[in-house]
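This report refers to the structure that appears directly beneath it.
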Amino acid sequence: MQPHAVLEWKKDGVQPDVFRGLGTGRYTVAATLDLHRHTVEQARSALYRFLTVAHERGRRCVLIAHGRGERSDPPARIKSHVAFWLGQMPQVIGYRSAPRHQGGTGAVLVMLRKSRAAKDENRERYGGKATPQDDSV
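All letters in the sequence shown, in the order written, are residues 21 to 157 by my numbering.
Here it is as structure tokens:
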């Protein structure tokens, strides 16, 4: 992977508007992880821990600053690994390189699937919203 390459990936079923909004910075970033100056092993451990906790806490959009890796050997080493790891994590439904003001190609915005608690809350909030029709008019 090249240092200035744009990262983007999504699971099947993610709506195009949601994915497009992720790349434009439309969603509020709930948490940030900075992987600068990490070894590959440190970055992997920190990434998995960070995403597990973020998902458990119901965070939907997080930012990971991995850097472009212009001076690493090979170039973009952490960036390449982050892209691979994100695609392997079940809680990740998509990711895109961040807009320029959030780090550009040196950072990635990640969309996480809803936690079980968030799904249950939505079911409770919206599941019983429909009211039966009154036929006695």
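Beta carbons are placed, not taken as given, at the ideal position from N, Cα and C, and that holds for glycine.
Let me check understanding here. Comparing Cα to Cα, which of 30, 25, 139 and 92 lies closest to residue 130?
Taking the sequence shown and counting its residues from 1, the one referred to as residue 130 is at position 110. The residue with the shortest Cα to Cα distance from residue 130 is 30.
Count the C-beta pairs between the region 116-125 and the region 66-82 that are closer than 8 Å, then say yes if the count reaches three, no if not.
no
Residue span of the alpha helix (DSSP H) that contains residue 103, given as start and end
Position 83 of the sequence shown holds residue 103. Counting along the chain, the alpha helix (DSSP H) containing residue 103 begins and ends at 97-108.
On the three-state DSSP scale, how would you describe residue 82?
Here residue 82 corresponds to residue number 62 of the sequence shown, with the count starting at 1. If DSSP states are grouped into helix, strand and coil, residue 82 belongs with the strands.
Applying the 10 Å Cβ sphere with the 16-neighbour rule, what's the burial state of residue 63?
Position 43 of the sequence shown, counting from 1, holds the residue named residue 63. With 16 or more other Cβ atoms within 10 Å, it is buried.
Three-way DSSP call (helix, strand, coil) for residue 28 in this model
Taking the sequence shown and counting its residues from 1, one reaches residue 28 at position 8. Three-state DSSP puts residue 28 in a strand.
Taking the alpha-carbon of residue 116 as reference, which of 51, 93, 45 and 136 has the nearest alpha-carbon?
Counting from one through the sequence shown, the residue named residue 116 turns up at place 96. The shortest C-alpha separation from residue 116 is found at 45.
Please classify residue 96: is it buried, with 16 or more other beta-carbons within 10 angstroms of its beta-carbon, or exposed?
On the sequence shown, residue 96 is found 76 positions in, with the first residue counted as 1. Buried is the call here.
Please classify residue 33 as buried or exposed, where buried requires at least 16 other C-beta atoms within 10 Å of its C-beta.
The residue labelled residue 33 in the question sits at position 13 within the sequence shown. With fewer than 16 Cβ atoms within 10 Å of its Cβ, residue 33 is classed as exposed.
Which residue or residues does DSSP assign as beta-bridge partners of residue 127?
Walking along the sequence shown from the start, residue 127 turns up at place 107. Its beta-bridge partners are 85.
May I ask which residues mark the beginning and end of the alpha helix (DSSP H) holding residue 71?
Position 51 of the sequence shown, counting from 1, holds the residue named residue 71. 60-76 is the span of the alpha helix (DSSP H), which, as asked, contains residue 71.
What does the Cβ neighbour count give for residue 100, buried or exposed, with the cut at 16 atoms within 10 Å?
Position 80 of the sequence shown holds residue 100. Label assigned to residue 100: buried.
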